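Trainee:
Residue numbers (my numbering): 15 to 664.
1) Roughly how many angstroms lie between the CA atoms of residue 570 and residue 651, to the nearest whole one?
2) State buried or exposed for residue 640, treating a residue as buried only when at least 16 other CB atoms are found within 10 Å of its CB.
3) What separation, rounded to the nearest whole angstrom, lies between the Cα atoms of residue 565 and residue 657?
4) In terms of residues, what are the limits of the beta strand (DSSP E) holding residue 484?
5) Could you give the distance in angstroms between the alpha-carbon of residue 636 and the alpha-carbon of residue 654?
6) So who's on the other strand from residue 384, going by DSSP bridges?
7) In three-state terms, what does DSSP make of residue 278?
8) Which of helix, strand or coil does DSSP assign to residue 267?
9) What's the C-alpha gap between residue 268 and residue 275?
10) Excluding the 5 residues preceding and the 5 following residue 335 in the sequence, name in chain order all residues of the same chain whose CB lies nearer than 6 Å to its CB.
11) Among the residues of its own chain, which have a CB less than 8 Å from the CB of residue 516, if the five just before and after it don't count?
12) Give the straight-line distance between the Cα atoms of residue 525 and residue 601, rounded to the nearest whole angstrom.
13) Decide yes or no for the touch test of the segment 370-378 against the segment 395-405: beta carbon pairs closer than 8 Å, at least 3 of them.
14) Between the Cα of residue 385 and those of 614, 317 and 337, spot the shortest distance and give me the residue it belongs to.
15) Taking Cβ positions, are residue 476 and residue 534 nearer each other than 7 Å?
16) Measuring alpha carbon to alpha carbon, tell me which of 466, 482, 438 and 546 ends up nearest residue 491.
17) Please return the same chain residues whose Cβ sits closer than 7 Å to the Cβ of residue 369, not counting the five positions on each side in sequence.
18) Could you give the distance in angstroms between the alpha-carbon of residue 579 and the alpha-carbon of residue 471?
19) Tell me where the beta strand (DSSP E) around residue 14 begins and ends.
20) In angstroms, rounded to a whole number, what distance separates the CA positions of residue 398 and residue 283?
21) Just verifying my parser: in three-state terms, what is the DSSP assignment at residue 620?
22) By a C-beta neighbour count over all protein chains shown, 10 Å radius and 16 as the cutoff for buried, is residue 620 buried or exposed?
23) Which one of 609, 628, 425 and 548 has the shortest CA to CA distance from residue 337?
24) Just to confirm, are residue 382 and residue 306 a CB contact at a threshold of 7 Å?
25) Looking at C-alpha atoms only, which residue of 559, 66 and 513 is the closest neighbour of residue 695?
26) Measuring alpha carbon to alpha carbon, tell me which of 294, 321 and 614 ends up nearest residue 393.
27) Quick one: what's residue 452 bridged to in DSSP?
28) Helix, strand or coil, according to DSSP, for residue 258 in the structure here?
29) Should residue 413 be labelled buried (16 or more other beta-carbon atoms within 10 Å of its own) or exposed?
30) Any idea which residues DSSP pairs residue 249 with across the strands?
31) Are the CB atoms of residue 567 and residue 647 nearer to each other than 7 Å?
32) Please report the straight-line C-alpha distance between residue 168 and residue 120, rounded to a whole angstrom.
33) Cα separation between residue 610 and residue 518?
34) Could you check whether residue 272 and residue 308 sit closer than 7 Å to each other, using their CB atoms as the reference points?
35) Report, in whole angstroms, the separation of the C-beta atoms of residue 623 and residue 585, which I expect to be a contact under 8 Å.
36) Assuming residue 333 and residue 313 form a contact by the criterion Cβ under 8 Å, report the distance between their Cβ atoms to the nearest whole angstrom.
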């Protein structure tokens, strides 16, 4: 380092100006080859000032230069040593990327083991990576691709490769990045990595642990696959059967074992248009590609795994029987008790197929439908479902009856009822065996010894007994009403026993209801009598108000008083005509006559003549024509009005 000549009398501003520039200090940095280069200086001789400030500044410059030289030597040595890259940095993702990754992860977890994925014999590209939620990223890339990788694979053996998340994709090189030459040195690679972005230098490779655990995880998923069937919704008209395990394929061996299962397979094969599709479908069935099977009236439904990751939805329809067909089938099955026993043993008698209805399907009766793009009839997926349905029929013939429209319990109940009815009719047709005995007419017609006289009747009680007490219960009937009804029934029974006549027998329903309500203590509609009045009025078809008015008339004159209330009549001349002069003589105004009634001119008091020649007083609000019985009946019209307050006011 060289400084310009400086005089003792130089100003302090020149001291700062004479300090070396950054360019001059940078000229002392080491060269790339590791040797220090002497930078150009203006003066080789350095004349240092003897001032303390200059000495301190020169010492600081020397320390900085020494530190820079040491750092340069360390960089050169580090460049010569094998370089280890830092841990790969996963690029940051945005909120939209995280949401998309979360949705993809949820779909992948949902569909990862929804179906068993056996090896597809007809996979057109077995080695090609599958696209979908369960596809795994490739472990490595081809060497001809211009992709820069980390040096983690070139690290010492005691340090494993960097592991990343299973869903981290391989990073392609940035545009414009050239492939690394074969003879590039570590320094050149380090410089190149310093120029390219971090996202182009990071690529995740699965660890050996993940590679070893992947087959075991897939095997566990195949051992317990999840099914899209819903056995919890099963009932008598819906049955779900678990998928059949794969079975060894035999040469020429029939797929079904029973005669009705073979008839199902025959209907499938005779109605097929392509034998090759049938063979492929049979292979699918033997390999266990058919998921759980759901059977409902007229329909077989299942998901069949084809050559694609997503299974296909397959349906096979069959015509159901109407009521007439079912009646013929049940009659034929109930004719022989052995038929019912065979069905209970999961056997189908041959004679039931010949009962006049097509129990088993024929060629063309099976109508398959599949979600695959194949237009064959049937496609290989529908054929696989039909073959597996034949195995279901082998195990349980009631599956065939369910396809025809009725469940197992319904068929068994109908056969039980038919069998019991036929047995009862057969028992009735046979004459009963004669039993020893004597006919009643013969026994009565015989003349025997004189019968003893009947015993004398017991003396009647003096009065009806007190009925029992009925305790009150929440929500139950009124105990007072029950006590009243029991007391009335006891009184009627006592009168009938002593006199031989029912005093209430001639009464109508309405009159009896009025009698019972009038026997209840109290006057008018009270809290205690409201429930009784409501029930009696409802039974008689009237309102509680009508019943209350009728009760007042009954209490005034009994059945005759009720007739005065409800039935106007034309009295003969005599007593009715003499009533008006008697009222005028008592300083009362002239009452208006109408049939058996005399009404005050103000319209608030009325006299009614009954069939018993007694006068009954009534009151009402003026002009409302709402008449209620008042007072007691009297043969004198003036005496019947005695005691009415409204008359004094008038």
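Every residue, glycine too, gets a C-beta built ideally from N, C-alpha and C.
Bear in mind the structure is a predicted one, so any value in this text is a computation, not a measurement.
Mentor: Looking at the coordinates:
1) Taking the chain shown and counting its residues from 1, one reaches residue 570 at position 556. Taking the chain shown and counting its residues from 1, one reaches residue 651 at position 637. Taking the straight line joining both Cα atoms gives about 16 Å.
2) For the purposes of this step, residue 640 is identified with residue 626 of the chain shown, where counting begins at 1. Exposed.
3) Numbered from its first residue, the chain shown carries residue 565 at position 551. Numbered from its first residue, the chain shown carries residue 657 at position 643. About 21 Å.
4) Within the chain shown, numbered from 1, the residue matching residue 484 stands at position 470. Per DSSP, residue 484 belongs to no beta strand (DSSP E) and is neither H nor E.
5) In the chain shown, counting from the first residue as 1, residue 636 sits at position 622. In the chain shown, counting from the first residue as 1, residue 654 sits at position 640. Their Cα atoms are separated by approximately 20 Å.
6) As a position in the chain shown, residue 384 is number 370, starting the count at 1. In DSSP, residue 384 forms a bridge with 328.
7) One-based indexing of the chain shown puts residue 278 at position 264. It is helical.
8) By one-based count along the chain shown, residue 267 stands at place 253. Of the three classes helix, strand and coil, the one that applies to residue 267 here is coil, per DSSP.
9) Counting from one through the chain shown, the residue named residue 268 turns up at place 254. Counting from one through the chain shown, the residue named residue 275 turns up at place 261. Cα to Cα, the separation comes out at about 10 Å.
10) On the chain shown, position 321 is the one that residue 335 refers to. Closer than 6 Å at the Cβ level, and outside the excluded window around residue 335, lie 418 and 419.
11) If you number the chain shown from 1, residue 516 lands on position 502. Here the set comprises 506, 509 and 510.
12) Locating residue 525 in the chain shown gives position 511, counting from the first residue. Locating residue 601 in the chain shown gives position 587, counting from the first residue. Approximately 39 Å between the Cα atoms of the pair.
13) no
14) Here residue 385 refers to the residue found at position 371 when the chain shown is read from its first residue. Nearest C-alpha to residue 385: 317.
15) Position 462 of the chain shown, counted from the start, is the residue given in the question as residue 476. Position 520 of the chain shown, counted from the start, is the residue given in the question as residue 534. In this structure, residue 534 does not lie closer than 7 Å to residue 476 by Cβ.
16) Looking up residue 491 in the chain shown gives position 477. Taking only the C-alpha atoms, the option nearest residue 491 is 546.
17) Your numbering for residue 369 matches position 355 in the chain shown. Cβ neighbours of residue 369 beyond the five flanking positions: 342, 343 and 346.
18) Your numbering for residue 579 matches position 565 in the chain shown. Your numbering for residue 471 matches position 457 in the chain shown. Those two C-alpha atoms are separated by around 44 Å.
19) As displayed, the chain neither begins before 15 nor continues past 664, which places residue 14 out of reach and without an answer.
20) On the chain shown, position 384 is the one that residue 398 refers to. On the chain shown, position 269 is the one that residue 283 refers to. If you take the alpha carbons of residue 398 and residue 283, they lie about 12 Å apart.
21) Walking along the chain shown from the start, residue 620 turns up at place 606. Residue 620 falls in the strand class under three-state DSSP.
22) On the chain shown, residue 620 is found 606 positions in, with the first residue counted as 1. Per the 10 Å Cβ criterion, buried.
23) Numbered from 1 along the chain shown, position 323 holds the residue referred to as residue 337. If we check each option's Cα against that of residue 337, 425 comes out closest.
24) Working through the chain shown from its first residue, we reach residue 382 at position 368. Working through the chain shown from its first residue, we reach residue 306 at position 292. Not closer than 7 Å, so no.
25) The shown model of the chain, from 15 to 664, leaves out residue 695, and the question about it has no answer.
26) Working through the chain shown from its first residue, we reach residue 393 at position 379. Answer by Cα proximity: 294.
27) If you number the chain shown from 1, residue 452 lands on position 438. Beta-bridge pairing links residue 452 to no other residue.
28) By 1-based counting over the chain shown, the position of residue 258 is 244. Coil, per DSSP.
29) Stepping through the chain shown from its first residue, residue 413 is reached at position 399. Flag for residue 413 reads buried.
30) On the chain shown, position 235 is the one that residue 249 refers to. According to DSSP, residue 249 bridges with 252.
31) Working through the chain shown from its first residue, we reach residue 567 at position 553. Working through the chain shown from its first residue, we reach residue 647 at position 633. No, the Cβ-Cβ distance between residue 567 and residue 647 is not below 7 Å.
32) Here the question's residue 168 lines up with position 154 in the chain shown. Here the question's residue 120 lines up with position 106 in the chain shown. Bear in mind that a pLDDT of 39 at residue 168, under 50, signals an unreliable position, so the model cannot answer this.
33) For the purposes of this step, residue 610 is taken as residue 596 along the chain shown, with counting starting at 1. For the purposes of this step, residue 518 is taken as residue 504 along the chain shown, with counting starting at 1. So the alpha carbons of these two residues sit roughly 28 Å apart.
34) In the chain shown, the residue the question calls residue 308 occupies position 294. In the chain shown, the residue the question calls residue 272 occupies position 258. No, they are not a contact pair.
35) Numbered from 1 along the chain shown, position 609 holds the residue referred to as residue 623. Numbered from 1 along the chain shown, position 571 holds the residue referred to as residue 585. Rounded, the Cβ-Cβ distance is 5 Å, consistent with contact.
36) Numbered from 1 along the chain shown, position 319 holds the residue referred to as residue 333. Numbered from 1 along the chain shown, position 299 holds the residue referred to as residue 313. So it is not a contact: roughly 11 Å between Cβ atoms.
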